[in-house]
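**Q** Numbering that gives the first Met the number 0 applies: residue 0 is where the sequence shown begins, and numbers increase by one. Backbone N, C-alpha and C fix where the C-beta goes; we use that ideal spot for every residue, glycine too. All values derive from a computational prediction rather than experimental measurement. Dumping the structure here so I can ask a few things about it.
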Amino acid sequence: MKIIAHGGVGSPREVDKDVQRAIDNGLSDDIFDTVVGVVSAMEDDPIFNAGTGSRMRLDGSIQMDAAVMYKGNIGAVAAIESVKNPIQVAAAVYETPYVLLACSGATEYARSIGFSSHDPSTEKRKKELQDMHDKLHEHEELMDIYQSVDGGDTVGCVASHEGEYAAAVSTGGTNFCIRGRIGDSPLVGCGFYAGEHGAVVTTGKGEELIKKLSAYRCYLLIPEIGLQKACDRVVEEHTVGSSIGLIAVGKEGVASSSSKQMSQASFK
Ligand code: ASP
0 MKIIAHGGVG SPREVDKDVQ RAIDNGLSDD IFDTVVGVVS AMEDDPIFNA
50 GTGSRMRLDG SIQMDAAVMY KGNIGAVAAI ESVKNPIQVA AAVYETPYVL
100 LACSGATEYA RSIGFSSHDP STEKRKKELQ DMHDKLHEHE ELMDIYQSVD
150 GGDTVGCVAS HEGEYAAAVS TGGTNFCIRG RIGDSPLVGC GFYAGEHGAV
200 VTTGKGEELI KKLSAYRCYL LIPEIGLQKA CDRVVEEHTV GSSIGLIAVG
250 KEGVASSSSK QMSQASFK
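See the structure below:
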């Protein structure tokens with residue numbers, strides 16, 4: 000099995016060891032269980048913006064997005080609340096006739112299948128929110144603050160095994176967004192894609208990744224120009240003033256590209 004995982008564009012390379020530990024903890028014989036396991040391990044590590052340690056919304060709530068894609072099927076949750084592992088709820092959605100459950104319906108579904116209530120907030124995230132509210136009191140415009148926000152610390156993992164590919168992603172969203180905002184991560188072709196040519200996961204400001212269908216763009220380029228060049232090309236094309244990072248796996252192995260530092264680790 001080949002695996003590559005990332006800890007979000009903008010995250011320092013010192014965090015590579017934490018991504019590596021998640022790979023070690025999540026690795027199994029099954030490709031689906033591996034991508035879900037690696038992402039679950041990162042959700043449990045509060046250093047990342049996913050699961051416990053997710054960024055807070057402006058009102059202090061935490062809403063999380065996650066998705067998994069394998070064998071042409073998808074399971075995803077958006078703006079889910081009070082669960083420990085959104086990716087595991089997405090994996091449960093994968094087994095249903097549905098693709099994406101959102102907001103209170105996603106949380107209610109999680110409860111109905113046995114996911115207990117969990118508070119993913121941390122003191123670090125509470126302080127970040129307080130600091131931002133202090134800035135707002137200094138008359139900075141909310142939209143200016145949001146425009147200045149870049150993606151960060153979202154997690155993702157792609158894997159290949161015997162010619163099959165899988166992708167998984169999880170996030171608390173961008174900093175200081177409003178309640179109800181859904182980013183690229185649970186949207187197919189935007190935050191993730193997996194098919195016969197490989198699997199791709201993106202990180203960065205979700206609004207831009209959605210407009211550019213960044214994951215699918217990269218996926219389509221893989222057979223045309225190769226894995227590494229496909230990742231590099233999508234980074235080059237991303238001329239919108241916000242950062243972008245991608246990881247991908249294909250016949251050639253694993254690749255990554257980003258417009259600034261991005262923690263990552265792989266297993267080849
Ligand atoms: N893509 C994520 C989002 O917009 C953020 C990130 O990658 O850190 O929700």
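1. In terms of residue numbering, what span does the alpha helix (DSSP H) encompassing residue 250 cover?
2. So residue 64 packs on residue 77, CB below 8 Å; how close in whole Å?
3. Can you check which of these residues, 243, 86 and 197, is closest to residue 221 by C-alpha distance?
4. Can you list, in chain order, the residues of its chain whose CB lies under 6 Å from that of residue 166, leaving out five sequence neighbours each side?
5. Need the endpoints of the alpha helix (DSSP H) that residue 41 sits in, please.
6. On the DSSP letters alone, give me the boundaries of the alpha helix (DSSP H) that residue 92 sits inside.
7. Along the beta strand (DSSP E) that carries residue 201, what are the first and last residues, could you check?
8. Looking at residue 151 and the ligand ASP, is the gap between the Cβ and the nearest heavy atom below 7 Å?
9. So residue 7 and residue 151 are in contact, right, with Cβ under 8 Å, and what is the actual spacing, rounded?
10. On a CA-only basis, which of 261, 207, 225 and 118 is nearest residue 241? Give me that one, please.
11. Rank 177, 248 and 236 by C-alpha distance to the C-alpha of residue 34 and give the top, closest one.
12. Less than 8 Å separating the beta-carbons of residue 264 and residue 184?
**A** Quick answer:
1. Looking at the DSSP string, residue 250 is not in any alpha helix (DSSP H), and its letter there is neither H nor E.
2. 5 Å
3. 197
4. 68, 157, 191, 193, 198 and 200
5. 30-42
6. 85-93
7. 197-203
8. yes
9. 5 Å
10. 207
11. 248
12. no
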